[in-house]
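Asks:
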Amino acid sequence: MNSNREELRIGFYVCHCGHNIAATVDCAEVARYVGTLPHVALSREYKYMCSDPGQELIQQDIREHKLNRVVVASCSPLLHEHTFRGATEAGGLNPFYFHMVNIREHNSWVHTDRKEATEKAKALAQAAIERVAHHKALEVKRVKIHADVLVVGGGIAGIHAAMTMANAGKKVYLVEREPTIGGHMAKFDKTFPTLDCAACILTPKMSEVGNHPNITLWTYSEVTKVDGYVGNYKVTVKHKPRYIVEDACVGCMECIDACVYKTPKFEDEFNEGLGKRKPVFIPFPQATPQVVIIDPETCLNLKTGKCKKTCVEACADRMAIDFTQQETFDEIEVGTMIVATGFKTFDAKRVPAYGYGVYPNVYTALEVERLVNASGPTGGEVITRDGRHPKSIGIIHCVGSRDKKTNVWCSRVCCMYSMKLALLLKEHTGAEIYNFYIDIRTPGKGYEEFYNKLLDEGVHFIRGRVGEVTDWAMTPEEEGKLTIRVEDTLAGYVRRIPVDMVVLATGLEPQQDAQDVRRLFNLSCGGEGWFLERHPKLAPVSTFTDGIFIAGGCQGPRDIPDTVAQAGAAAAECLALIDKGYVEQEPNTAFVLAEECSGCKSCIPLCPYTAIAFDESSKVAVINEALCKGCGTCVASCPSGSIVQNLFEDDEVFSEIKGVLAYD
Amino acid sequence: MNITRTIKYEADRVKGFGDEVMKVPGCEKLKDCIQCGTCSGVCPLSVYMDYTPRQVMELTRFDFKKEVLSSKTIWLCASCYACTCECPREIRITDIMYELKQRAIHEGVYPRKFPIPVLAQEFEKMVTANGRISEMPLVMKLFMKTDPLGAMGNWQMGLDLMKTGRFSLASEKINNREQLAKMFAAAEEKA
Amino acid sequence: MTKDWKPRIVAFFCNWCTYTAADLAGVSRLKYASNVRVIRLMCSGRVDPQFILEALTHGADGVLIGGCHPFDCHYVEGNYKMLRRFQLLKRLLADMGIEDQRVRLEWISAAEGDKVKRVINDLTQQIQALGPLGFPSKVADWDREMTELEHHVTATAAGVCACGESEMAAAKPEVAHV
Amino acid sequence: MKYSYFPGCSLKGLGRAYEESLLPVMKHLGVDLQELDDWNCCGATAYMSVDEAKACVLASRNLALAERDGNHPILAPCSACYLVLNKTKHYLHQYPKMKATVDRALNAVGMKCEKDVPVRHPLDVLINDIGLDAIKMKVTKPLQGLKVAPYYGCQIVRPYATFDDQANPTTMDRLLEALGATVIRWPLKTKCCGGSLTGTIPEAGIRMVYILLNEAKKRGADCLATVCPLCQFNLDGYHSAVRRQYGDVLLPTVYFSQLMGLAFGLPDRDLALNRAAIPFRWRPSSPPPAPAKPPAAKSVAA
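Sequences listed follow chains A, B, C and D, in order. Anchor point for the first sequence: position 342 equals 342 in this note's numbering, and the numbering is continuous, going up by one each time. So the mapping is simple: this note's numbering equals the position in the second sequence, first residue as 1, plus 1000. So the mapping is simple: this note's numbering equals the position in the third sequence, first residue as 1, plus 2000. So the mapping is simple: this note's numbering equals the position in the fourth sequence, first residue as 1, plus 3000.
1. Does lysine 1113 of chain B come out as helix, strand or coil in the three-state DSSP assignment?
2. Using C-beta distances below 6 angstroms, list every residue in its chain close to valine 3057 of chain D, excluding the 5 sequence neighbours before and after it, in chain order.
3. According to DSSP, simplified to helix, strand and coil, what is alanine 662 of chain A?
4. Any idea if cysteine 75 of chain A is buried or exposed, counting beta-carbon neighbours within 10 angstroms, 16 or more meaning buried?
5. Confirm, please, whether the CB-CB distance from threonine 83 of chain A to glutamate 29 of chain A is below 9 angstroms.
6. Count the other CB atoms, across all protein chains shown, that sit within 10 Å of the CB of glutamate 584 of chain A; report buried if there are 16 or more and exposed otherwise.
7. Is any beta-carbon of chain B found at less than 9 angstroms from that of lysine 405 of chain A?
8. Among residues of its own chain, excluding the 5 on either side of alanine 73 of chain A, which ones have a beta-carbon nearer than 6 angstroms to its beta-carbon?
9. One question on the structure: do glutamate 477 of chain A and leucine 421 of chain A come within less than 9 angstroms of each other, judged by their Cβ atoms?
10. I'd like the ranges of any alpha helix (DSSP H) spanning at least 4 consecutive residues and lying wholly in the region 1018-1061 of chain B.
11. Write down the C-beta distance between glutamate 298 of chain A and proline 279 of chain A rounded to the nearest angstrom, noting that I regard them as a contact closer than 8 angstroms.
12. What whole-angstrom Cβ distance do cysteine 1077 of chain B and threonine 1060 of chain B have, given they're in contact under 8 angstroms?
13. Does any residue of chain B have a CB that is nearer than 9 angstroms to the CB of proline 3295 of chain D?
14. Taking one C-beta from the region 461-479 of chain A and one from the region 496-513 of chain A each time, how about it: are there three or more such pairs within less than 8 angstroms?
15. Can you give me the start and stop residues for the beta strand (DSSP E) that alanine 73 of chain A sits inside?
16. Per DSSP, what kind of secondary structure is cysteine 197 of chain A in: helix, strand or coil?
17. Taking any Cβ of chain A, which residues in the region 2021-2032 of chain C have a Cβ under 7 angstroms from it, in chain order?
18. If contacts are defined as beta-carbon pairs under 8 angstroms, then lysine 1088 of chain B and threonine 1052 of chain B qualify, I think. What distance do you get, rounded to the angstrom?
19. Under 9 angstroms between the Cβ atoms of serine 2034 of chain C and serine 524 of chain A?
20. Tell me whether glutamate 2106 of chain C is buried or exposed, calling it buried when 16 or more other Cβ atoms sit within 10 Å of its Cβ.
21. Would you give the residue range spanned by the alpha helix (DSSP H) that valine 408 of chain A belongs to?
22. Assuming the contact rule is C-beta atoms closer than 8 angstroms, proline 283 of chain A and proline 179 of chain A should be a hit. Round their C-beta distance to whole Å, please.
23. Between the C-alpha atoms of asparagine 2121 of chain C and isoleucine 3156 of chain D, what's the straight-line distance to the nearest angstrom?
24. Is there contact between the region 3211-3220 of chain D and the region 3232-3250 of chain D, where contact requires at least three CB pairs shorter than 8 angstroms?
25. What does a CB cutoff of less than 7 angstroms around valine 3209 of chain D pick up in its chain, not counting 5 residues either side in sequence?
26. Answer with yes or no whether the minimum CB distance from serine 2137 of chain C to chain A is below 9 angstroms.
27. Identify which residue in A:Arg388, A:Asp189 and A:Val237 has its Cα closest to the Cα of arginine 177 of chain A.
28. Shortest alpha-carbon distance to lysine 349 of chain A belongs to which of A:Tyr359, A:Ser418 and A:Phe343?
29. Counting only Cβ-Cβ distances shorter than 9 angstroms, please list the residues of the region 456-485 of chain A near chain D, keeping chain order.
30. Since cysteine 631 of chain A and glycine 2045 of chain C should fall inside the 8 angstroms C-beta cutoff, what is the C-beta to C-beta distance between them, to a whole number of angstroms?
31. Please tell me whether methionine 1 of chain A has its Cβ less than 9 angstroms away from any Cβ of chain B.
32. How many Å lie between proline 536 of chain A and glutamate 81 of chain A at the Cα?
33. Just curious, the alpha helix (DSSP H) that asparagine 3107 of chain D is in, first and last residue?
34. Does the contact criterion of 3 or more C-beta pairs under 8 angstroms hold for the region 1174-1184 of chain B versus the region 2001-2021 of chain C?
35. Compute the Euclidean distance between the alpha carbons of proline 390 of chain A and glycine 357 of chain A, then round it to the nearest angstrom.
36. Should arginine 3283 of chain D go down as buried or exposed, given a rule of 16 or more other Cβ atoms within 10 Å for buried?
Spelled out as structure tokens, the structure:
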């Protein structure tokens, strides 16, 4: 701290960022002005400060010009503060003698008037010059990282991330709220554009997860509480009662056969309600874990207490059925987490013009996935709800996408899955297939080729967003059919096309409880509810909470290849942290000036991390640095001004305020 | 064989026309059109239109003033608002049609003896003068101006109306016509 | 008020939500008024009422505080603590004769770049309409009044009427008789 | 509750049966309707086509009159009036320039339009203010066995109404069920009747009338119930034109208010049933009423 007493020698650098800043801000003028301010030993402009030569310049100047403070005016500190602190340190100074001014995101990119932007840049620079004078040398604190990882969500993203890390030798907890992992992908019949059987590529991975020695798989479970911080999270997981002792059940399914309901009677969620199941069931044959579940809403014994319990008889001495099961909780410690909670599909009833829920032969795409699936409710036979074999089928794209009344975004996967379903339906039925689209989007490897193949196969494409689906017939050929009214925009005519079956390509939406999940993990959300990445380009799987990463459909609509790539990236981010072993923490913690503290205790209840304690012997407040996360709330509310926050000391902020206002 | 040139040169556009329309209250969102055709798909009258509503949107946006203002489409619009309600871009297509109708009347480019603009104008005249509409006299006037013989074809309806006590040639008027006239005059000042 | 007067506004943005939103506004190339100077803090909970007063006394015409939405605070509830403090501060400001609209607290999440633009433009417009706060000159006025008051009190007590200041005494007899 | 009743030109002319049946029914329910003094034409769609600003001035005079006469909600039974008055309110709210023009016009005659008078449709008032329970209590002759296709037409649900669903309105369905009628479900209940096209471009207009009548009939309706004088006129008055083009599709079209009157046991003469070209007769426990005879000129029932 001795340099405080030395004469201040501040080095100032204004970055052009190519044209990004220089086009709007007169950098030469800013450098000139700052050069006239007191204590500024040197003021320069440079094309790219973040480049190697730019950083080298800082280091060289520190050495040659004996600088003891550095200010760079360039982009957002969230982007390059780290870079320039590094350069400052490499030049031989404590990195916290550096301060950064944001004249790109907050200035050149948001203003057009060159004069105004230049004036603003000068004011911001002056504030930094005044602020940096008060900076102190600080030490970076290192925090150890717990090597275990939590993955939330057992869809393809969670499965892939968990496997990647488990294979690298890390202990992984995989928490899934449904009775089985597999997510949406487990419901698909084939995948585009290769037409791999979805089950064939997914289920081996599922059972690997189930058997992996490094993975603790908790299905039918939910995260209810998250405490701690990067490297040291404490997580509470709730296990919902499935009324089956998981370890005892061998998946023989004899209980299902023995159930007092002789035939399946209840809506089968896995098959989108197209099939039936019993109160005791397994979602689908390859479910992982291979364990049945009892649905308390429909089980006679759980509902009424009056049942012959033939299932228990059938289970016999395995004794896997336990009607007394209650919720249980586990508390685990992990260092990092991946949130991969997925998406939900759009509720087609919200577009009443398409008749979903009114006309039985209107289907959602996910329903059709089950309908064409060999293990689906009809064994793969495409037969409509009213028992017909369709001769003509209309597939309507963009249902609940690109529509200001529902969702404005493009759901990205619907064009491709619609074409996949078109092909599968054609194979299964030989029907005439019409795709109604606004734009066909095929931005992926082999996707456009897939579109070409569809055209070759004679699948029809009509460019036009469907006006309505109706059962009202205008002509004899429309009698008894569903008629699609649409403008064929390429021909310029309105057409009425009668079909036997309508498939709605519903879009993707954030999960219903995305907001709750977001709060649980302290993530940010865009306005539409997708989880927000730290940077759309450069930190696409990171979040604003260190040590928590996101992957897959919870972040926005994406297809399987992208989801898997992202899951791999998130796993790599976790592994990088774990293998480094520690994280460096911003030294922005607060401390109490014992000699000034009056012992009023008003700060103590304010701290959300209970980092402040009252020392009875000295009658002053004491802050536990390890628990403090540097929000500064206690500092702002201390009546005697005896709490100080590193990096945000009162003097530093006051001088910044004066600085921005000193310049006219 | 009679052929016509269909290519459009830049000189065929009346530059600024689209922008002007998009400045009118209710018509701003035309910019956002993605040409999906929902408007045409739901329009009950698109059956008879020379340009579909979607095409009218595009032609307007690109300044093809002559084509739009002389189209039948704008006059076939029955203001049922189905397009406005269904448009995924929240474009108020019905309002844009109104604006185009106003411009067509203003410039006198609608088809001759075409009954709808005549009706609109006669309607406006009658309301401006009387404050109210007298339905039968309005209809009579319309037929006289557009299709004197057609009126004869509707003798059956006329008879029905007489028999059910709905045929009245009396002129409906508000009392304070002077007030209304003052209001219109004030509205036109500086407007 | 000069014709080309432009308001000066100091903003305190929390690092996690509002500062990031302002970055997003930049990345999205949204355009807004250049009158706001942003100071980054880790949390809106760090905003000491003194910061606001300090800004106003040093020539700011308005102050904007941006924090995460309720329940979204990176530090659990720093924003809520700021809100409580803010309510108290507003009463104080009202007593000082500072218009309500000059100091504003807004919740802006990291995704709401457009809200940054909207709020800044809106606040700038509002303050432009209000005119300069002129706090430094207000303080000078108060100081002068106080000095004069003191002077008169002393003078009256001494039974002497300071000549040359009779003008003032005449203008403000109620002061003279305190 | 008191309402400013805004009949509009049609209810005094071709659609007078609507007024003639609505007023006694509302009176029977104890609703206080006071006709807006010296109201003027709402402007309707035709005026909008000529001059939008003046159309707004025209409509706003009515809003100002209602404001002056006690600021009671306006009851606008005609769909076009309902739409235009509401649309004008939206525009005045949304477009300051339009508001300035209107204010200038109102100022010139010492009137104001500031209080945001609600503009309501009788269906809205019946369902939300009076309530189906109160209506059911008044039913003395339930319309048992009468199959009605509720026809809302376009402009009351689109685009400004908030009292019912745009795509699938149900207020009239519920009302008719409360009267004891059987409601026909059909997909055309909000489709356009052709509006003024029946007169101006018969080819287009008549087709739309035919589609509606034909579909309702195919689905077994005894009659169509409407809420709009123009819809009623189109569906009832153009039978002979429909017959010429498409063949006979005889189906009476009545106002919902007439059905209410029947169910309430009000005398026929109060319900203006004789104002329709296609006569509608309904006697409880009689076989479903069919139009007595084709509406040939000779046989129109008075």
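All C-beta atoms, glycine included, are put in the ideal place defined by N, C-alpha and C. Note that the structure is a prediction, hence the values are computed from the model and not measured.
Replies: Working from what's here:
1. In the second sequence, residue 1113 of chain B corresponds to position 113, counting from 1. Three-state DSSP puts lysine 1113 of chain B in coil, outside helix and strand.
2. As a position in the fourth sequence, residue 3057 of chain D is number 57, starting the count at 1. Around valine 3057 of chain D: Val3102 and Ala3105.
3. As a first step, residue 662 of chain A is located in the first sequence; it is residue number 662 there, counting from the start. Helix at alanine 662 of chain A.
4. Stepping through the first sequence from its first residue, residue 75 of chain A is reached at position 75. Buried, because 16 or more other Cβ atoms sit within 10 Å of the Cβ of cysteine 75 of chain A.
5. Working through the first sequence from its first residue, we reach residue 29 of chain A at position 29. Working through the first sequence from its first residue, we reach residue 83 of chain A at position 83. No. Outside cutoff.
6. The residue given as residue 584 of chain A occupies position 584 in the first sequence. Per the 10 Å Cβ criterion, exposed.
7. Walking along the first sequence from the start, residue 405 of chain A turns up at place 405. With 9 angstroms as the cut-off, lysine 405 of chain A counts as an interface residue toward chain B.
8. On the first sequence, position 73 is the one that residue 73 of chain A refers to. Within the same chain, alanine 73 of chain A has close Cβ partners Val14, Val101, Ile103 and Ala125.
9. For this step, residue 477 of chain A is matched to residue 477 along the first sequence. For this step, residue 421 of chain A is matched to residue 421 along the first sequence. It is not a contact, given that the beta carbons lie outside the stated cut-off.
10. 1038-1042 and 1053-1061
11. Position 298 of the first sequence, counted from the start, is the residue given in the question as residue 298 of chain A. Position 279 of the first sequence, counted from the start, is the residue given in the question as residue 279 of chain A. Looking at the sequence provided, one finds threonine at residue 298 of chain A rather than glutamate. Right, their Cβ atoms sit about 4 angstroms apart.
12. Residue numbering aside, residue 1077 of chain B sits at position 77 when the second sequence is read from its first letter. Residue numbering aside, residue 1060 of chain B sits at position 60 when the second sequence is read from its first letter. Wrong, their Cβ atoms sit about 13 angstroms apart, outside the cutoff.
13. Counting from one through the fourth sequence, the residue named residue 3295 of chain D turns up at place 295. Only weak support exists for where proline 3295 of chain D lies, its pLDDT of 46 falling under 50; the coordinates are left without a value.
14. yes
15. For the purposes of this step, residue 73 of chain A is identified with residue 73 of the first sequence, where counting begins at 1. Counting along the chain, the beta strand (DSSP E) containing alanine 73 of chain A begins and ends at 69-74.
16. Position 197 of the first sequence, counting from 1, holds the residue named residue 197 of chain A. Strand, per DSSP.
17. Ala2022, Asp2023, Ala2025, Gly2026, Val2027, Arg2029, Leu2030, Lys2031 and Tyr2032
18. Translated into the one-based positions of the second sequence, residue 1088 of chain B becomes position 88. Translated into the one-based positions of the second sequence, residue 1052 of chain B becomes position 52. The amino acid at residue 1088 of chain B is misidentified as lysine; the sequence shows proline. Not a contact, Cβ separation roughly 16 angstroms.
19. Numbered from its first residue, the third sequence carries residue 2034 of chain C at position 34. Numbered from its first residue, the first sequence carries residue 524 of chain A at position 524. For serine 2034 of chain C and serine 524 of chain A, no; Cβs fall outside 9 angstroms.
20. The residue labelled residue 2106 of chain C in the question sits at position 106 within the third sequence. Its Cβ being crowded by 16 or more others within 10 Å, glutamate 2106 of chain C is buried.
21. Here residue 408 of chain A refers to the residue found at position 408 of the first sequence. Valine 408 of chain A -> no alpha helix (DSSP H), and no H or E assigned at all.
22. Stepping through the first sequence from its first residue, residue 283 of chain A is reached at position 283. Stepping through the first sequence from its first residue, residue 179 of chain A is reached at position 179. About 6 angstroms separates the two Cβ atoms, so the contact holds.
23. Within the third sequence, residue 2121 of chain C is the residue found at index 121, counting from 1. Within the fourth sequence, residue 3156 of chain D is the residue found at index 156, counting from 1. The straight-line gap from Cα to Cα measures roughly 39 angstroms.
24. yes
25. Residue mapping note: residue 3209 of chain D aligns to position 209 of the fourth sequence, counting from 1. The residues are Cys3193, Gly3194, Thr3198, Asn3234, Leu3235, Tyr3238 and Val3242.
26. Numbered from 1 along the third sequence, position 137 holds the residue referred to as residue 2137 of chain C. It does not: the Cβ of serine 2137 of chain C has no partner Cβ on chain A nearer than 9 angstroms.
27. One-based indexing of the first sequence puts residue 177 of chain A at position 177. Looking at the Cα atoms, A:Val237 is the closest of the given residues.
28. Translated into the one-based positions of the first sequence, residue 349 of chain A becomes position 349. Out of A:Tyr359, A:Ser418 and A:Phe343, A:Tyr359 has the C-alpha closest to the C-alpha of lysine 349 of chain A.
29. Glu468, Thr470, Asp471, Trp472, Ala473 and Met474
30. Position 631 of the first sequence, counted from the first residue, corresponds to residue 631 of chain A. Position 45 of the third sequence, counted from the first residue, corresponds to residue 2045 of chain C. Confirmed, about 5 angstroms.
31. Here the question's residue 1 of chain A lines up with position 1 in the first sequence. In this prediction, methionine 1 of chain A scores a pLDDT of 42, lower than 50, which makes its location untrustworthy; the coordinate-derived value is nonetheless stated afterwards. Chain B, which has no Cβ nearer than 9 angstroms to the Cβ of methionine 1 of chain A, makes this no.
32. The residue given as residue 536 of chain A occupies position 536 in the first sequence. The residue given as residue 81 of chain A occupies position 81 in the first sequence. Cα to Cα, the separation comes out at about 18 angstroms.
33. Along the fourth sequence, read from residue 1 onward, the residue named residue 3107 of chain D stands at position 107. Run containing asparagine 3107 of chain D: 3096-3108, per the alpha helix (DSSP H) assignment.
34. no
35. As a first step, residue 390 of chain A must be located in the first sequence, where it is residue number 390. As a first step, residue 357 of chain A must be located in the first sequence, where it is residue number 357. So the two alpha carbons sit approximately 19 angstroms from each other.
36. Translated into the one-based positions of the fourth sequence, residue 3283 of chain D becomes position 283. When all chains shown are included, arginine 3283 of chain D counts as exposed.
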